[in-house]
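K.L.:
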Amino acid sequence: MTNQSSCEQNLTFDLESYLQQRKTLVEQALDNSLTINDPPVIYKAMRYSLLAGGKRLRPILCLASCELAGGTIEMAMPTACALEMIHTMSLIHDDLPAMDNDDYRRGKLTNHKQFGEDIAILAGDGLLAYAFEYVASHTQGVNPASVLQVVAQLGHAVGATGLVGGQVVDLASEGNPDIGLDTLNYIHTHKTGTLLEACVVTGALLGGASQQKLAGLSRYAYNIGLAFQIVDDILDITATQEELGKTAGKDVEANKATYPRLLGLEASKAKADELTNAACEELSPYGDAGIPLKAIAQLIANRKN
Ligand code: GRG
223 MTNQSSCEQN LTFDLESYLQ QRKTLVEQAL DNSLTINDPP VIYKAMRYSL
273 LAGGKRLRPI LCLASCELAG GTIEMAMPTA CALEMIHTMS LIHDDLPAMD
323 NDDYRRGKLT NHKQFGEDIA ILAGDGLLAY AFEYVASHTQ GVNPASVLQV
373 VAQLGHAVGA TGLVGGQVVD LASEGNPDIG LDTLNYIHTH KTGTLLEACV
423 VTGALLGGAS QQKLAGLSRY AYNIGLAFQI VDDILDITAT QEELGKTAGK
473 DVEANKATYP RLLGLEASKA KADELTNAAC EELSPYGDAG IPLKAIAQLI
523 ANRKN
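Have a look at this one:
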């Protein structure tokens with residue numbers, strides 16, 4: 223979709239290799255983060271969803287932001303894993319019969335279809351709690367005050383100020399034909415945006431970014447977060463179940479307010495492009511060092527799943 227000037231980047235940057243290399247590192251770290259213990263069923267359920275694939279966009283964003291701020295991959299990896307644990311928890315809970323009631327996720331049966339509803343709820347709870355434990359117990363080489371800020375940022379992204387708040391308004395809006403852009407933006411920025419923002423902000427905190435840099439990166443994250451969710455709305459209409467790894471067309475079936483429904487497909491694509499462009503503009507002070515985050519912004523706008 224997007225090809226705007228602010229996102230233009232050095233053509234020698236190979237995004238595909240970059241993402242593949244980062245994804246491999248993240249997959250390895252996630253695998254090592256959680257071994258099977260007693261009682262085995264809960265660890266198996268947690269690992270089933272945590273290691274089910276996915277784009278690993280959130281941990282990759284966190285690592286990239288930490289490096290941009292002057293830190294290393296090692297400093298950010300525990301938080302990157304925690305972000306994926308939190309994201310996976312939200313997917314498990316979102317798929318439950320009481321929520322979105324879905325049978326497939328990441329190309330596999332959803333957690334409750336595989337393990338039952340009771341264990342799926344507990345697997346989500348286990349991942350959420352472990353995410354915080356993991357950051358606190360595994361982060362190394364970072365000043366403890368910054369780790370504390372990371373923990374606070376994660377809590378802010380998950381609770382009523384983030385995922386939970388967005389989900390509550392989403393549920394309350396279901397089937398209401400009068401939902402407008404303000405409410406839709408609230409849902410999108412809370413359900414999706416706050417966690418993506420946490421990825422970028424925690425990475426920057428761990429890397430030692432100044433307040434000014436944090437503010438700019440936070441604006442970058444807000445813009446890619448909303449663009450991400452608009453593209454999600456578009457893909458629900460235009461992509462197949464095989465491409466998405468989850469049921470397609472669910473928003474239309476549930477009569478949900480979405481960007482395409484409120485604005486139309488073309489205007490929605492234009493809005494996603496505009497946000498992506500605004501995100502890239504925030505990276506202009508960084509020159510070539512900002513290339514990975516620019517490329518990720520473009521990937522979000524152009525993704526097919
Ligand atoms: C229980 C504390 C608590 C919170 C849960 C269920 C819920 C509250 C919130 C729902 C959040 C949610 C599932 C938002 C949708 C975000 C989204 C667009 C997910 C898809 O992300 P991708 O495309 O997926 O990055 P992969 O599989 O690639 O990781």
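According to the numbering used here, the sequence shown holds residues 223 to 527 in order.
For glycine and all other residues, C-beta sits at the position ideal for the given N, C-alpha and C.
No experiment lies behind these values; they were computed from the predicted model shown.
Gln463: which of Cys421, Pro514, Ala449, Lys526 sits nearest, CA to CA?
P.N.:
In the sequence shown, counting from the first residue as 1, residue 463 sits at position 241. Selected option, being the one with the closest Cα: Lys526.
K.L.:
For the ligand GRG, I want to know if Val357 counts as a neighbour, meaning its beta carbon is within less than 7 Å of at least one of the ligand's heavy atoms.
P.N.:
Walking along the sequence shown from the start, residue 357 turns up at place 135. Outside the cutoff, so no.
K.L.:
With C-beta atoms as the reference, is Ile452 less than 8 Å away from Tyr481?
P.N.:
Translated into the one-based positions of the sequence shown, residue 452 becomes position 230. Translated into the one-based positions of the sequence shown, residue 481 becomes position 259. Result yes, Cβ atoms of Ile452 and Tyr481 sit closer than 8 Å.
K.L.:
Shorter than 7 Å, the distance from the beta carbon of Thr346 to the closest heavy atom of the ligand GRG, or not?
P.N.:
Position 124 of the sequence shown, counting from 1, holds the residue named residue 346. Just to set this straight, residue 346 is Gly in the shown sequence, not Thr. Result yes, Cβ under 7 Å from the ligand GRG.
K.L.:
Judging by CA-CA distance, which residue of Glu419, Ala426, Lys435, Lys330 is the nearest neighbour of Leu466?
P.N.:
Within the sequence shown, the letter at position 244 stands for residue 466. When only C-alpha atoms are compared, the closest one is Lys330.
K.L.:
Taking 7 Å as the cut-off, is the beta-carbon of Gly276 closer than that to any non-hydrogen atom of the ligand GRG?
P.N.:
Translated into positions along the sequence shown, residue 276 becomes position 54. Yes, Cβ of Gly276 sits closer than 7 Å to a heavy atom of the ligand GRG.
K.L.:
Answer with yes or no whether the minimum CB distance from Leu485 to chain B is below 8 Å.
P.N.:
Going by chain labels, chain B is absent from the structure shown, which holds only one protein chain.
K.L.:
Is the closest heavy atom of the ligand GRG to the C-beta of Thr480 under 7 Å?
P.N.:
For the purposes of this step, residue 480 is taken as residue 258 along the sequence shown, with counting starting at 1. Flag unset: Cβ of Thr480 not near the ligand GRG.
K.L.:
Exposed or buried, Ser529, counting other C-beta atoms within 10 Å across all chains shown (16 or more means buried)?
P.N.:
Lying before the first or after the last residue shown, residue 529 is absent from the chain, which here runs from 223 to 527.
K.L.:
What's the call for Phe337, buried or exposed, on a 16-neighbour Cβ count within 10 Å?
P.N.:
For this step, residue 337 is matched to residue 115 along the sequence shown. So Phe337 ends up on the buried side.
K.L.:
Between which two residues does the alpha helix (DSSP H) carrying Phe354 extend?
P.N.:
Residue mapping note: residue 354 aligns to position 132 of the sequence shown, counting from 1. Segment 339 to 360, the alpha helix (DSSP H) holding Phe354.
K.L.:
Which of the three DSSP states is assigned to Arg278 in this structure?
P.N.:
As a first step, residue 278 must be located in the sequence shown, where it is residue number 56. Coil, per DSSP.
K.L.:
Of the residues Pro514, Asn323, Ser287, which one's Cα is nearest the Cα of Leu393?
P.N.:
Taking the first residue of the sequence shown as 1, we reach residue 393 at position 171. Checked all of Pro514, Asn323, Ser287; the closest Cα to Leu393 is Asn323.
K.L.:
Which stretch, first to last residue, makes up the alpha helix (DSSP H) that contains Leu252?
P.N.:
Along the sequence shown, read from residue 1 onward, the residue named residue 252 stands at position 30. Run containing Leu252: 237 to 255, per the alpha helix (DSSP H) assignment.
K.L.:
What's the C-alpha gap between Gly486 and Leu505?
P.N.:
Residue numbering aside, residue 486 sits at position 264 when the sequence shown is read from its first letter. Residue numbering aside, residue 505 sits at position 283 when the sequence shown is read from its first letter. Looking at the two C-alpha atoms, the distance is approximately 30 Å.
K.L.:
Given a threshold of 16 other Cβ atoms within 10 Å of its Cβ, counted over all protein chains shown, does Thr332 qualify as buried or as exposed?
P.N.:
Along the sequence shown, read from residue 1 onward, the residue named residue 332 stands at position 110. The residue is buried, with at least 16 neighbouring Cβ atoms inside 10 Å.
K.L.:
DSSP on Lys468, reduced to helix/strand/coil?
P.N.:
Numbered from its first residue, the sequence shown carries residue 468 at position 246. In the structure shown, Lys468 sits in coil (DSSP, three-state: anything other than H, G, I, E or B).
K.L.:
Based on the DSSP secondary-structure assignment, which residues constitute the bridge partners of Leu331?
P.N.:
Translated into the one-based positions of the sequence shown, residue 331 becomes position 109. In DSSP, Leu331 forms a bridge with Tyr326.
K.L.:
Determine the burial state of Ala374: buried for a count of at least 16 other Cβ atoms within 10 Å of its Cβ, exposed for fewer.
P.N.:
As a position in the sequence shown, residue 374 is number 152, starting the count at 1. Exposed.
K.L.:
If Arg268 and Ala345 are in contact, beta carbons under 8 Å, what's the gap, nearest whole angstrom?
P.N.:
Along the sequence shown, read from residue 1 onward, the residue named residue 268 stands at position 46. Along the sequence shown, read from residue 1 onward, the residue named residue 345 stands at position 123. It should be pointed out that residue 268 corresponds to Met in this sequence rather than to Arg. Yes, Met268 and Ala345 are in contact; Cβ-Cβ is about 5 Å, under 8 Å.
K.L.:
For Gln389, is the classification buried or exposed, using 16 other Cβ atoms within 10 angstroms of its Cβ as the cut-off for buried?
P.N.:
Along the sequence shown, read from residue 1 onward, the residue named residue 389 stands at position 167. Flag for Gln389 reads buried.
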